[in-house]
Amino acid sequence: MQESKEPSIEIASVGIGDIGIESTTLNVTLSVHNPMPIGGTLKSVKFSVFLLKENNESFLGDGEKDNVRIEGGGVTRAEIPVKLKNAAVISAAGGLIGGDLDIVVRGTAAVDLKIAAPEIPFEKKVKINGFLKG
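For the sequence shown, our numbering gives the first residue as 39, with consecutive numbering after it.
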């Protein structure tokens with residue numbers, strides 16, 4: 039009998055959603071690869087978003103989603119919106135408006151597969167082009 043591997047999670051994309059006067063929504067899309075033939079549930083996904091500037095990280099916001107159904111033997115995508123306060127982003131970026139931002143998204147997902155319940159870490163660094171560009 040061949041041993042099944044545990045699911046893996048990666049950040050498929052990070053993009054800007056709604057832009058308002060006080061806040062901007064960052065849409066983080068996770069891709070969950072489940073090699074096991076049985077489906078399961080992401081009991082919880084929690085992550086934080088940080089701005090990277092000169093090798094320092096500044097906290098921007100948190101994302102969270104519970105009870106995401108994942109298919110067996112395939113890939114499931116889940117989009118999780120994160121509301122960022124524009125003033126905090128501009129302050130952390132040193133007043134940069136309309137420029138590119140380097141961010142990192144880092145978190146964990148608790149997976150319930152009935153036969154196992156691993157907690158899987160994930161992280162990705164991305165560049166957001168033209169933040170708050172008019």
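Ideal placement from N, C-alpha and C gives every residue a C-beta, glycine not left out. Note that this is a predicted model, so its numbers are computed, not measured.
I'd like the list of long-range same chain contacts for residue i, defined as Cβ closer than 6 Å, with 5 residues on each side in sequence excluded.
i, result
"G101", "V66, F85, I118, V120"
"G111", "P75"
"D56", "T63"
"V83", "K103, A147"
"G99", "V87, V120, L122"
"D138", "K165, N167"
Relative to the C-alpha of residue i, which candidate in the options has its C-alpha closest?
i, options, result
"P159", "I57, V52, R144", "R144"
"E95", "N105, N167, S129, I57", "S129"
"L64", "L151, P156, K123, K152", "K123"
"K91", "I47, V106, V127, N105", "V127"
"L80", "N105, I54, N93", "N105"
On the CB-based measure, 16 or more other CB atoms within 10 Å of its CB, does residue i come out buried or exposed?
i, result
"I49", "buried"
"N72", "buried"
"I153", "exposed"
"I59", "exposed"
Starting from the C-beta of residue i, find all residues in its chain whose C-beta is less than 8 Å away, skip the five residues before and the five after it, and write them out in chain order.
i, result
"V52", "L64, N65, V66, T67, I141, V143, K162, V164, I166"
"P45", "V70, H71, N72, P73, M74, G78, I108, V149, L151, P156, I158"
"S61", "K121, L122, K123, N124"
Considering just the uninterrupted stretch of the alpha helix (DSSP H) at residue i, what are its terminal residues?
i, result
"I59", "Run containing I59: none; DSSP gives neither H nor E here."
Let me know the beta strand (DSSP E) ranges lying completely inside the stretch 106 to 142, each 3 residues or longer, listed in chain order.
-> With a minimum length of 3 residues, the continuous beta strand (DSSP E) runs that stay inside the stretch 106 to 142 are 112 to 123.
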